[in-house]
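J.:
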Ligand SMILES: NC(=O)c1ccc[n+]([C@@H]2O[C@H](COP(=O)([O-])OP(=O)(O)OC[C@H]3O[C@@H](n4cnc5c(N)ncnc54)[C@H](O)[C@@H]3O)[C@@H](O)[C@H]2O)c1
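Numbering (this note's numbering), first residue to last: 66 to 350.
1. Please indicate yes or no: does the CB of residue 312 lie closer than 7 Å to some heavy atom of ligand 2?
2. Classify residue 319 as buried or exposed, calling it buried when 16 or more other Cβ atoms lie within 10 Å of its own Cβ.
3. Taking the straight line between their C-alpha atoms, what separation do you get for residue 166 and residue 201?
4. Just verifying my parser: in three-state terms, what is the DSSP assignment at residue 201?
5. According to DSSP, which residues form a beta bridge with residue 329?
6. Applying the criterion that 16 or more other CB atoms from any shown protein chain within 10 Å of the CB defines a buried residue, is residue 112 buried or exposed?
7. If you compare alpha carbons, which of 315, 297, 194 and 212 is closest to residue 86?
8. How many whole angstroms separate the CB atoms of residue 217 and residue 266, which I take to be in contact at a CB cut-off of 8 Å?
9. For residue 339, count neighbouring C-beta atoms within 10 Å of its own C-beta (all shown protein chains included) and say buried if the count is 16 or more, exposed if not.
10. Assuming residue 307 is part of the alpha helix (DSSP H), what are its boundary residues?
11. Would you say the stretch 289-298 touches the stretch 115-131, given that touching needs at least three Cβ pairs under 8 Å?
12. In chain order, which continuous runs of the alpha helix (DSSP H) of length 4 or greater are located wholly inside the stretch 221-254?
13. Determine the direct distance from the alpha carbon of residue 195 to that of residue 181, and round the result to whole angstroms.
14. Given this structure, state the Cα-to-Cα distance separating residue 349 from residue 141, to the nearest angstrom.
15. Who are the Cβ neighbours of residue 330 in its own chain at under 6 Å, not counting the five residues just before and after it?
16. Leaving aside the five residues before and after residue 102 along the sequence, list all residues of the same chain whose C-beta is less than 8 Å from its C-beta, in chain order.
17. Does the Cβ-Cβ distance between residue 326 and residue 239 come in under 8 Å?
18. Quick check on the DSSP output: the beta strand (DSSP E) that includes residue 91 runs from which residue to which?
19. Please list, in chain order, all residues of the same chain as residue 187 whose beta carbon is under 6 Å from its beta carbon, the five residues on each side excluded.
20. My guess is that residue 91 and residue 125 are in contact by the Cβ rule of under 8 Å, so how many angstroms apart are they, rounded?
21. Tell me where the beta strand (DSSP E) around residue 264 begins and ends.
22. Which residue or residues does DSSP assign as beta-bridge partners of residue 148?
23. List the whole-angstrom C-beta distance separating residue 253 from residue 203, where the pair is believed to meet the contact cut-off of C-beta under 8 Å.
24. Should residue 98 be listed as close to ligand 1, given that the test is whether its C-beta is under 7 Å from any heavy atom?
25. Near residue 82, what residues of its chain come up, given a Cβ to Cβ distance below 6 Å and the 5 sequence neighbours on each side ignored?
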């Protein structure tokens, strides 16, 4: 399968050189966990379209899951990086510069909050829980963008993409502190887009509908969140992770060359509906 994929990447069926949307583009993905995650789905789309990808993993325990994925995509670099440690982020970009000659894209698919802060009353969140979620899930985009900027500027521009969720602007039960962190992430994204636009560096957020991933398991009653999306969404389903991957490809490729400072929803339309007929039908008088 892998050989076939590689052959497809290089040649099309007529035997001429295949030019993918990302041929010649190089970048870093933060946040791959396993084959079910959103970062992996974006990586697969980028790789299929010819991108060269460097990977990071959060800690030693994650390495055994991430390294095989990185190797399957011929990565020249796969480094440990806790995004709350600025020295780790700095090292990733230093090592990247030694290994690759340009930086075209960066994906931020990183989030974390204490399980206790993803259920119950939001207002009981501790200062420590607030700081942790904000640091990992929002401030890290600022750190990553700061270190990406010089290399992207040298490359003539680039695209930075962060993953977000509707809970940033609307109350979604149990999303709690992560909603506040995603609000900070989206706002940071707009300021970064404004600052870096003059270097032809774009910054956007992709707001995915609920998908069963490792991180999602930490959210109280996540299965109900999936069902709620089905009831509300015009498409009557949740997005497949590969559909989020494809939207990631769009935002990281030249297809979106005039798009910056935006939140792109990939949620089967759920965010556009207040009350669907299916939801109304459940109301008993
Ligand atoms: N799954 C969903 O329903 C959904 C919906 C919308 C947005 N998102 C967002 O998508 C992104 C990816 O999440 P996912 O759902 O694919 O889950 P995931 O578990 O695959 O990814 C989360 C990643 O964050 C990493 N991480 C956590 N703390 C870190 C730290 N301190 N330093 C470095 N990395 C750290 C984890 O190792 C993991 O790789 C997150 O930002 C998440 O909030 C997810």
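Backbone N, C-alpha and C fix where the C-beta goes; we use that ideal spot for every residue, glycine too.
T.: Reading it off the structure:
1. Only ligand 1 can be found as ligands here, which leaves ligand 2 out of the picture.
2. exposed
3. 28 Å
4. helix
5. 271
6. buried
7. 315
8. 5 Å
9. exposed
10. First-last of the alpha helix (DSSP H) with residue 307: 306-317.
11. no
12. none
13. 11 Å
14. 59 Å
15. 272 and 336
16. 96, 174, 278, 279, 280 and 306
17. no
18. 91-95
19. Around residue 187: 241.
20. So it is not a contact: roughly 26 Å between Cβ atoms.
21. Counting along the chain, no beta strand (DSSP E) covers residue 264, and no H or E run does either.
22. Residue 148 pairs with nothing; no bridge assigned.
23. About 6 Å; that satisfies the 8 Å criterion.
24. yes
25. Hits under 6 Å: none found.
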